[in-house]
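One structure is given here, and the rest of the page talks about it.
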Ligand code: URA
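In my numbering, the protein residues as written are 2 to 209.
Put into structure tokens, the structure is as follows:
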């Protein structure tokens, strides 16, 4: 099981700003992207590189380049889109595989209404993005969709998570790595994270 609460001062500072209730849509959106960029830096620290020779200003020079198949970013609609540009700033050539889920009113289980994965999922590292890891239901469904498509290496990037959501994922999928800016206290009766950020989707899209 690998859960990384990334304590970098820049992440902690920016997340602290995001917790303020009086933030504009623009500010919240910008900060979501900035934290996503920093989480991406952390989550890609173990990518394999290979050495190649390029023509430098003073002749041939050995440089490192990322080896093998590339990354697919997996935003969970809709709030996951708020982290997408930040991740793509760091990995501009990444392909995007989108997942849309809604919650069935009766069973309360997530139901997929949209799935569009890029090719070669067997060879790719998937970076799932969603601002909040709350009950873990959407993440669990997304991981299952990815594994069904043949994806073998999965990491999830979140702004805020709670222990119960993390436990649900690590119990079912101990191979999945979780990177999160803060592990908060708990869920309230409505399923919101405390202290949390409020409704991240509404804040990113400026809806209520
Ligand atoms: N989704 C959100 O947007 N906020 C929460 O606190 C939990 C789930």
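We put the CB at the ideal spot given by N, CA and C, even for glycine.
Asked, Found
"Is residue 66 helix, strand or coil by DSSP?", "strand"
"For residue 146, which residues from the same chain have a beta carbon less than 7 angstroms from its beta carbon, with the 5 sequence-adjacent residues on both sides left out?", "100, 113, 116"
"Of all residues in the structure, which have a C-beta closer than 5 angstroms to any heavy atom of the ligand URA, taken in chain order?", "133, 135, 193, 194, 197, 200, 201"
"Taking 8 angstroms as the cut-off, does the region 171-178 touch the region 139-156 (at least 3 CB pairs, one atom from each stretch)?", "yes"
"Applying the criterion that 16 or more other CB atoms from any shown protein chain within 10 Å of the CB defines a buried residue, is residue 47 buried or exposed?", "exposed"
"Go through its chain and collect everything with a Cβ distance to residue 72's Cβ below 7 angstroms, but skip five positions before and after it.", "92, 95, 125, 126, 128"
"Can you give me the C-alpha to C-alpha distance between residue 106 and residue 14, rounded to a whole angstrom?", "38 angstroms"
"Using the C-alpha atoms, what's the distance from residue 110 back to residue 31?", "32 angstroms"
"With a floor of 4 residues, list each alpha helix (DSSP H) that falls wholly inside the region 147-194, ordered by position along the chain.", "164-173"
"Under 8 angstroms between the Cβ atoms of residue 178 and residue 153?", "no"
"Would you tell me roughly how many angstroms separate the C-alpha atoms of residue 108 and residue 136, rounded to the nearest one?", "15 angstroms"
"Ordered along the chain, which non-local residues of its own chain (more than five positions away) have a Cβ less than 6 angstroms from that of residue 207?", "26"
"Under a Cβ-count criterion, where at least 16 other Cβ atoms within 10 Å of its own Cβ denotes burial, should residue 131 be classed as buried or exposed?", "buried"
"Which of helix, strand or coil does DSSP assign to residue 39?", "helix"
"With a CB to CB cut of under 8 angstroms and the five nearest residues on each side skipped, what residues in its chain are close to residue 12?", "36, 39, 40, 182"
"Grouping DSSP H, G and I as helix and E and B as strand, with all else coil, what is residue 124?", "helix"
"Would residue 192 and residue 80 be called neighbours here (beta carbons separated by less than 8 angstroms)?", "no"
"May I ask which residues mark the beginning and end of the alpha helix (DSSP H) holding residue 15?", "10-19"
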